[in-house]
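Under the numbering used here, read the sequence shown as residues -19 to 296, first letter to last. Ideal placement from N, C-alpha and C gives every residue a C-beta, glycine not left out.
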Amino acid sequence: MTGRQLPPIELRPRDLTRWKKSDTGVDYVHVFKSPEPGPTVMTVALTHGNEFCGAEALHWALDLGLRPACGTWIVAFANVKAYQSFKAEVPLDSRFVDRDMNRVWRDDWIDGEGTHEAIRAGELRPFVRQADCLLDIHSTSFANRPFFVGRNLPRVRAFAEKLVYPPSMLLQNGSFDGKVMVEYGAFGEAHAQQTALVVECGAHFLKATVMVAKHTLIAFLEATGMLEPEVARRLKPAVPPAETGVYTIESVHIAKHEDLKFLAPYEGFEEVAAGTIIAMDGPDPVVAPFDRCTILFPKAQPRQGRELVTLGKRID
Ligand SMILES: [Zn+2]
């Protein structure tokens, strides 16, 4: 293994029972409509159960009684069952119940699979389909900066730039092993208007990620016109400066073997030369295919059959 340590566990799951029931009839989904016309905007937390910062931010906003100045605001806690299964001894195990919920967003998988995550995605799907704009709030097992992830489309990049922070972005072309929520339906289409972004707020379980999640949530609602600038200014917490950079995701390596080892303690965003052996997947080297190849999402606890590392290229 890499020998890389997970960050300390500064956050624990909170009791979200208060947000279970709503008029929507779908557990942990709330819809607030303003009398003023405007876009339908959706904010999602807990797509991965061990990523607490989004739950903290949405709980905070609901608890404040935040309401849209125009349009419709949908608030969803995606995988509360996984979240509630958290155990500090195995902190990454609460990522999902049966399968990665952020790789299931294809209608035939949602309808046919019968996994906990596919069924829940089916409950969320009508809301996701309605959304003109969607923010899916995550954290990562590597820590060194917050960033956006979105489909490699001009409108997606432009929207992330409008939010200003975090100033790094990964643009992906459908290369993950499965389908992610932010490329579902119109979000992934070149000529549609709908825009969806993931924000990765920093390392799982760190209190600092909550500030990034709250900041991005408020900036997002402001950018959609749903919050008045004055209200947004008052609510948006300060965040530390973060590194900039725009990257395209070039490939995602799925581990074929049980025996997995990184050849350096990668934390993410390192650049390596063409030909560098990044990791060993059993007997097979994972080799950087081009110069200034950027290491993204190096898994802290890699497992056979799952994503080991993502390779990117800096474009800006
Ligand atoms: Zn995640």
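- Message: If you reduce the DSSP assignment to three classes, tell me which class Val136 lands in.
- Response: By one-based count along the sequence shown, residue 136 stands at place 156. Correct three-state label for Val136: helix.
- Query: Taking 7 Å as the line, does the beta carbon of Thr189 fall inside it for any heavy atom of ligand 1?
  - Reply: Counted from its first residue, the sequence shown places residue 189 at position 209. For ligand 1, not one heavy atom lies less than 7 Å from the Cβ of Thr189.
- Query: Where does the unbroken beta strand (DSSP E) through Lys0 begin, and where does it stop?
  - Reply: Position 20 of the sequence shown, counting from 1, holds the residue named residue 0. Premise fails: Lys0 is in no beta strand (DSSP E) and is neither H nor E.
- Is the CB-CB distance between Thr196 and Arg135 below 8 Å? Residue mapping note: residue 196 aligns to position 216 of the sequence shown, counting from 1. Residue mapping note: residue 135 aligns to position 155 of the sequence shown, counting from 1. No, Cβ-Cβ distance for Thr196 and Arg135 is not below 8 Å.
- Query: Alpha carbon to alpha carbon, how far is Leu38 from Arg(-8)?
  - Reply: Taking the sequence shown and counting its residues from 1, one reaches residue 38 at position 58. Taking the sequence shown and counting its residues from 1, one reaches residue -8 at position 12. Taking the straight line from one Cα to the other gives about 15 Å.
- Query: Which value, in whole angstroms, describes the spacing of the CA atoms of Phe76 and Ala41?
  - Reply: Your numbering for residue 76 matches position 96 in the sequence shown. Your numbering for residue 41 matches position 61 in the sequence shown. Spanning the two alpha carbons is a distance of roughly 24 Å.
- Item | Rounded straight-line distance, which links the Cα of Arg294 to that of Arg272 | Here residue 272 refers to the residue found at position 292 of the sequence shown. Here residue 294 refers to the residue found at position 314 of the sequence shown. Taking the straight line joining both Cα atoms gives about 8 Å.
- Exposed unless 16 or more other CB atoms sit within 10 angstroms - verdict on Asn153: Against the sequence shown, residue 153 aligns to sequence position 173. The residue is exposed, with fewer than 16 neighbouring Cβ atoms inside 10 Å.
- Message: Let me make sure I understand the geometry here. Which of Arg109, Val219, Gly18 and Arg(-2) has the alpha-carbon closest to that of Pro126?
- Response: Locating residue 126 in the sequence shown gives position 146, counting from the first residue. Checking every option, the nearest Cα to that of Pro126 belongs to Val219.
- Query: Can you check whether the CB of Phe200 is closer than 8 Å to the CB of Leu115?
  - Reply: Taking the sequence shown and counting its residues from 1, the one referred to as residue 115 is at position 135. Taking the sequence shown and counting its residues from 1, the one referred to as residue 200 is at position 220. Closer than 8 Å, so yes.
- For Ala193, collect the residues of the same chain with a Cβ closer than 6 Å to its Cβ; drop the 5 residues on either side in sequence, then sort them by chain order. Indexing the sequence shown from 1 puts residue 193 at position 213. Only Cys33, Gly34, Ala37, Ile117 and Cys181 meet the Cβ criterion.
- Query: Near Tyr63, what residues of its chain come up, given a Cβ to Cβ distance below 8 Å and the 5 sequence neighbours on each side ignored?
  - Reply: Counted from its first residue, the sequence shown places residue 63 at position 83. So the qualifying residues of the chain are Pro(-7), Leu(-4), Leu26, Gly29, Asn30, Phe32, Ala35, Phe57 and Ser74.
- Query: Which two residues bound the contiguous beta strand (DSSP E) that contains Pro265?
  - Reply: Locating residue 265 in the sequence shown gives position 285, where the first residue counts as 1. Its beta strand (DSSP E) spans residues Asp264 to Val267.
- Exposed or buried, which one is Pro146 when buried takes at least 16 other CB atoms within 10 Å? Locating residue 146 in the sequence shown gives position 166, where the first residue counts as 1. Buried: at least 16 other Cβ atoms inside 10 Å.
- Message: Could you check if Asn82 belongs to the surroundings of ligand 1, using beta carbon to heavy atom distance under 7 Å?
- Response: For the purposes of this step, residue 82 is taken as residue 102 along the sequence shown, with counting starting at 1. Result yes, Cβ under 7 Å from ligand 1.
- Cβ of Thr23 within 7 Å of any heavy atom in ligand 1? Taking the sequence shown and counting its residues from 1, one reaches residue 23 at position 43. Not under cutoff, so the answer is no.
- In the DSSP assignment, what are the bridge partners of Met22? The count along the sequence shown starts at 1 and reaches residue 22 at position 42. Met22 is bridged to Ile54 and Leu114.
- Message: Taking the alpha helix (DSSP H) that Lys241 belongs to, which residues open and close that run?
- Response: Here the question's residue 241 lines up with position 261 in the sequence shown. Where Lys241 is concerned, there is no enclosing alpha helix (DSSP H), although the beta strand (DSSP E) it sits in stretches over Leu240 to Phe242.
- Task: Please state if the CB of Asp264 and the CB of Lys236 are separated by a distance shorter than 8 Å.
- Result: In the sequence shown, the residue the question calls residue 236 occupies position 256. In the sequence shown, the residue the question calls residue 264 occupies position 284. Yes, these two residues count as a Cβ contact at 8 Å.
- Query: So is Leu44 buried or exposed if we call it buried at 16+ other beta carbons inside 10 Å?
  - Reply: Taking the first residue of the sequence shown as 1, we reach residue 44 at position 64. It counts as exposed.
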